[in-house]
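K.L.:
Number of protein chains: 2
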Amino acid sequence: MKEYNDYLELVNTALSNLRLPKQPEGLYAPITYTLDCGGKRIRPVLALAACEALGADPMSAIHQAVAVEMFHNFTLLHDDVMDNADVRRGRPTVHKKWNEETAIISGDAMLTTATMLLAIKAGSHLAQALELFNGTAMNIYEGQQLDMDFENRCDVTVEEYMEMIRLKTSVLLGCACGMGALMADATFETQLKFFEYGVNLGLAFQLQDDYLDTYGDPATFGKAIGGDILNDKKTWLFIMALNEDKSGVVKFLIGQTDSPSEKIEAVKAVYNELGLPERIHELISAYIDSAVKCLDSLALQPEARAFFMDLALKSATREK
Amino acid sequence: MKEYNDYLELVNTALSNLRLPKQPEGLYAPITYTLDCGGKRIRPVLALAACEALGADPMSAIHQAVAVEMFHNFTLLHDDVMDNADVRRGRPTVHKKWNEETAIISGDAMLTTATMLLAIKAGSHLAQALELFNGTAMNIYEGQQLDMDFENRCDVTVEEYMEMIRLKTSVLLGCACGMGALMADATFETQLKFFEYGVNLGLAFQLQDDYLDTYGDPATFGKAIGGDILNDKKTWLFIMALNEDKSGVVKFLIGQTDSPSEKIEAVKAVYNELGLPERIHELISAYIDSAVKCLDSLALQPEARAFFMDLALKSATREK
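Residue numbers (the working numbering), protein chains in the order written: chain W, 12 to 331; chain D, 12 to 331.
Here's what the structure looks like:
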């Protein structure tokens, strides 16, 4: 097994070797711009590491790993149009830097390119790789649609929320792990266990994201704190507070935009009153435990187990 | 060989048997709505007919035919958002009936669904089918981008225009024919000839579309005549007129919106002066001749040859 950064380098090298066409510039320049955004590249790293953990050369999964990363960046690009977001990782979003038409068509081209990458050297695994990839993609669209539907609802349950984040963000981490296992010629059962590990990791990751949006250190987290509260975003914290807050403060503040910092403080006070920061970490721990159970059932070599264990623990305690 | 309408019925039956999920409704209802728009379904019909013309059961290509139709409808959906079009085939476009976010995400789901359909019972042809399909998709995005780039240019050459329509609309007809041939286990050479037939058919088809937008009978054509002229759309007619019109009237009228019917009449007068209606039909005939040459080189059975011959001749003389 390698270190995280070694896998990251393999991914970044493969990305810089993509050599997309140059023309028409309006189609391809935004793709390069989007991929240049950096980021942790956790999905392709998971794919390569899963592949190596099962005894294969991680490079057997490199094209599929890059396909997953390409797909992820496509979803960010189209999500930014749908959310009308101005900034992503400190840079203007594609539809701000260029325009909306460009963001739509370049995103479409990224989705097709992802499918093309998936097929490179997939050999006898092509049909299964495609099935895993496309099934995951449909889940992600469903999750994104549910997330948009939740904006107009005040009766979202915690169960609905967990299903939404499972679809929207977690299955892609599962897909990355399962893809690495598939490319390592693993059995379907092993692929499935690695998939489940990734889904649990993703759920823990997303819940920690919800936590950090309210409780993170702005300097470390890299974006303004309290954005979810200001936008009445139906996160785990917000839904729990809506359900349990007898004072009615949270419900009352929905749609209020006059005093942003007071709104954040008032909602946060309810979260604290209800012990939600501790309770969300109990939940995160439970998902990490599930991820570890999947790892244990895989009976990996100690070094490989440690790699995935470390990732799971870090995602539960990360501060950015 | 069957009649056009028999293939059409096979396609429509397959489309109505798709059984997409019902939830989330915001994601799937727009897909059903888009597919319900009717239309000639020329692409999937070409795929089934090509398959049967080469001696195979047309149903061997049914999933791939429907994949091509799904892809085509996805491009219409996203094009309508990019063009901000209100109406498609007499009904509100998806982004008008729902909203833009819905149109984007439902379109993405259609593209992934198309790839899923492509893989069904593709067997040993999967890798090739995917390569043909994805390569075609990239061409189409490039064509769409060029079309958007042309909006802001007055120096578009006829060669650039022909390349744009080849990419944006013709290769998909080529892909449909090639896909049918592939699913009939044809040699690569045969697939390629059928592909070329489709591309030439598509070029003739698009040029006739340009012609009808100015010279069609509004009652038959189904939309207002002169829309391309009003929007200064860089069609073959418009580009030729820009190049050859010594009076400078066409160039002068670019951007003018005050007197729509006068503008249409003035530009049309230049077209007539330059003999463009006759010249575009000479060009259309040349593409039909090329399509027929491809057919001849395929040495099909007389009945099969007649089917594709008939389609080619009809697309050159169609009035809607």
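All C-beta atoms in this analysis are idealised placements derived from N, C-alpha and C, irrespective of residue type, glycine included.
Hey, would you say A140(W) sits closer than 9 Å to L65(W), going by beta carbons?
P.N.:
As a working note, residue 140(W) is residue 129 in the first sequence. As a working note, residue 65(W) is residue 54 in the first sequence. Taking 9 Å as the Cβ cut-off, A140(W) and L65(W) do not qualify as a contacting pair.
K.L.:
At the 9 Å Cβ level, is H74(W) part of the contact set with chain D, yes or no?
P.N.:
Along the first sequence, read from residue 1 onward, the residue named residue 74(W) stands at position 63. Chain D contact via Cβ: absent.
K.L.:
Tell me the rounded alpha-carbon separation between A67(D) and E207(D).
P.N.:
Against the second sequence, residue 67(D) aligns to sequence position 56. Against the second sequence, residue 207(D) aligns to sequence position 196. Going by the C-alpha atoms only, they are around 20 Å apart.
K.L.:
Looking at C-beta atoms only, is the number of pairs between the stretch 209 to 222 of chain D and the stretch 296 to 305 of chain D that lie closer than 8 Å three or more?
P.N.:
Note that the stretch 209 to 222 of chain D touches the stretch 296 to 305 of chain D; at least 3 beta-carbon pairs, one per stretch, sit closer than 8 Å.
K.L.:
Scan the stretch 153 to 186 of chain W for residues whose Cβ lies nearer than 7 Å to a Cβ of chain D and list them as they occur along the chain.
P.N.:
E153, Q155, Q156, L157, M159, D160
K.L.:
When the Cα of H106(W) is compared with those of T198(W), F85(W), A197(W), which residue comes out closest?
P.N.:
As a position in the first sequence, residue 106(W) is number 95, starting the count at 1. With distances taken between Cα atoms, H106(W) lies closest to F85(W).
K.L.:
Please report the residue range of the alpha helix (DSSP H) in which R290(D) lies.
P.N.:
Translated into positions along the second sequence, residue 290(D) becomes position 279. Here the alpha helix (DSSP H) through R290(D) covers 287 to 309.
K.L.:
Using the C-alpha atoms, what's the distance from C62(D) back to A195(D)?
P.N.:
The count along the second sequence starts at 1 and reaches residue 195(D) at position 184. The count along the second sequence starts at 1 and reaches residue 62(D) at position 51. Taking the straight line joining both Cα atoms gives about 5 Å.
K.L.:
Are there 16 or more other CB atoms within 10 angstroms of the CB of A164(D), so buried, or fewer, so exposed?
P.N.:
Start at 1 with the first residue of the second sequence, and residue 164(D) comes out as number 153. Note that residue 164(D) corresponds to Arg in the displayed sequence, not to Ala. Exposed.
K.L.:
Does DSSP put V98(D) in a helix, in a strand, or in coil?
P.N.:
As a first step, residue 98(D) is located in the second sequence; it is residue number 87 there, counting from the start. In this structure, V98(D) counts as strand in the three-state DSSP scheme.
K.L.:
Could you give the first and the last residue of the continuous alpha helix (DSSP H) run that contains A130(W)?
P.N.:
Taking the first residue of the first sequence as 1, we reach residue 130(W) at position 119. From DSSP, the alpha helix (DSSP H) with A130(W) extends over 111 to 130.
K.L.:
Can you list the residues of chain D that K92(W) reaches, using a CB-CB cut of under 7 Å?
P.N.:
Residue 92(W) sits at position 81 when you count from the first residue of the first sequence. Rather than Lys, the amino acid found at residue 92(W) in this sequence is Val. Simply I115.
K.L.:
Given that a residue counts as buried once 16 or more other Cβ atoms are within 10 Å of its Cβ, and exposed if not, what is T113(D)?
P.N.:
Position 102 of the second sequence holds residue 113(D). So T113(D) counts as buried.
K.L.:
Taking only runs that begin and end inside the stretch 224 to 282 of chain D, name each unbroken alpha helix (DSSP H) of 4 or more residues, in chain order.
P.N.:
229 to 232, 238 to 241, 247 to 255, 260 to 264
K.L.:
Closest to L143(D) by CA distance: which of D224(W), T123(W), M159(W), N150(W) is it?
P.N.:
What you label residue 143(D) is simply residue 132 of the second sequence in a count that begins at 1. When only C-alpha atoms are compared, the closest one is T123(W).
K.L.:
Check whether the stretch 36 to 56 of chain D touches the stretch 78 to 94 of chain D, taking contact to mean three or more Cβ pairs, one atom from each stretch, closer than 8 Å.
P.N.:
yes
K.L.:
Could you check where the alpha helix (DSSP H) with Q60(D) kicks off and where it finishes?
P.N.:
Taking the second sequence and counting its residues from 1, the one referred to as residue 60(D) is at position 49. Just to set this straight, residue 60(D) is Ala in the shown sequence, not Gln. Note, A60(D): alpha helix (DSSP H), 53 to 64.
K.L.:
Taking 9 Å as the threshold (C-beta atoms), are D243(D) and I265(D) in contact?
P.N.:
Numbered from 1 along the second sequence, position 254 holds the residue referred to as residue 265(D). Numbered from 1 along the second sequence, position 232 holds the residue referred to as residue 243(D). Yes. Within cutoff.
K.L.:
Taking 9 Å as the CB-CB cut-off, is L87(W) touching chain D?
P.N.:
Position 76 of the first sequence, counted from the first residue, corresponds to residue 87(W). No, its Cβ sits nowhere closer than 9 Å to a Cβ of chain D.
K.L.:
Which bits of chain D does E112(W) rub up against, with CB to CB less than 7 Å?
P.N.:
On the first sequence, position 101 is the one that residue 112(W) refers to. Result: M93, M159.
K.L.:
By the DSSP assignment, the alpha helix (DSSP H) with D160(D) in it spans what residues?
P.N.:
The residue you call residue 160(D) lines up with position 149 of the second sequence. Segment 137 to 162, the alpha helix (DSSP H) holding D160(D).
K.L.:
Quick one: Cα of P288(W) to Cα of A323(W), how far?
P.N.:
Within the first sequence, the letter at position 277 stands for residue 288(W). Within the first sequence, the letter at position 312 stands for residue 323(W). The straight-line gap from Cα to Cα measures roughly 19 Å.
K.L.:
Can you give me the C-alpha to C-alpha distance between A187(W) and M127(W), rounded to a whole angstrom?
P.N.:
Along the first sequence, read from residue 1 onward, the residue named residue 187(W) stands at position 176. Along the first sequence, read from residue 1 onward, the residue named residue 127(W) stands at position 116. Taking the straight line joining both Cα atoms gives about 16 Å.
K.L.:
Based on DSSP bridge pairs, tell me the residues matched to P103(D).
P.N.:
For the purposes of this step, residue 103(D) is taken as residue 92 along the second sequence, with counting starting at 1. Note: P103(D) sits in a beta bridge opposite V98(D).
K.L.:
The alpha helix (DSSP H) with P313(D) in it runs from where to where?
P.N.:
Residue numbering aside, residue 313(D) sits at position 302 when the second sequence is read from its first letter. From DSSP, the alpha helix (DSSP H) with P313(D) extends over 313 to 328.
K.L.:
Report the neighbours of T126(W) on chain D: residues whose CB is nearer than 8 Å to its CB, in chain order.
P.N.:
For the purposes of this step, residue 126(W) is taken as residue 115 along the first sequence, with counting starting at 1. Contacts between T126(W) and chain D, judged by CB atoms closer than 8 Å, involve T126, L141, N145 in chain order.
K.L.:
Buried or exposed, going by whether 16 or more other CB atoms sit within 10 Å of the CB of L46(D)?
P.N.:
Against the second sequence, residue 46(D) aligns to sequence position 35. It is buried - the Cβ of L46(D) has at least 16 other Cβ atoms within 10 Å.
K.L.:
Checking contacts by CB at 9 Å: is G37(D) closer than that to chain W?
P.N.:
Sequence index remark: in the second sequence, residue 37(D) carries index 26 (1-based). Yes, G37(D) counts as interfacial toward chain W.
K.L.:
Give me the residue from D94(W), E314(W), K325(W), M320(W) with the minimum Cα distance to K13(W).
P.N.:
Position 2 of the first sequence holds residue 13(W). Out of D94(W), E314(W), K325(W), M320(W), E314(W) has the C-alpha closest to the C-alpha of K13(W).
K.L.:
From what residue to what residue does the alpha helix (DSSP H) around E14(W) run?
P.N.:
Here the question's residue 14(W) lines up with position 3 in the first sequence. Careful: E14(W) lies outside any alpha helix (DSSP H) and carries neither H nor E.
K.L.:
Taking Cβ positions, are G37(D) and M159(W) nearer each other than 9 Å?
P.N.:
Locating residue 37(D) in the second sequence gives position 26, where the first residue counts as 1. Locating residue 159(W) in the first sequence gives position 148, where the first residue counts as 1. Cβ distance < 9 Å, so G37(D) and M159(W) count as in contact.
K.L.:
Please report the straight-line C-alpha distance between R316(W) and G209(W), rounded to a whole angstrom.
P.N.:
Position 305 of the first sequence, counted from the first residue, corresponds to residue 316(W). Position 198 of the first sequence, counted from the first residue, corresponds to residue 209(W). In a straight line, the C-alpha of R316(W) is about 14 Å away from that of G209(W).
K.L.:
Interface residues of chain W around A148(D) at Cβ under 7 Å?
P.N.:
The residue given as residue 148(D) occupies position 137 in the second sequence. Contact note: A148(D) reaches chain W through T123, using a C-beta cutoff of 7 Å and chain order.
K.L.:
What is the DSSP secondary structure of T198(D), reduced to helix, strand or coil?
P.N.:
The residue given as residue 198(D) occupies position 187 in the second sequence. Coil.
K.L.:
What would DSSP say about V167(W), mapped onto helix, strand or coil?
P.N.:
Mapped onto the first sequence, residue 167(W) falls at position 156. V167(W): coil per DSSP, three-state reduction.
K.L.:
Could you please tell me which residues of the stretch 277 to 290 of chain W, in chain order, have their CB closer than 7 Å to any CB of chain D?
P.N.:
none
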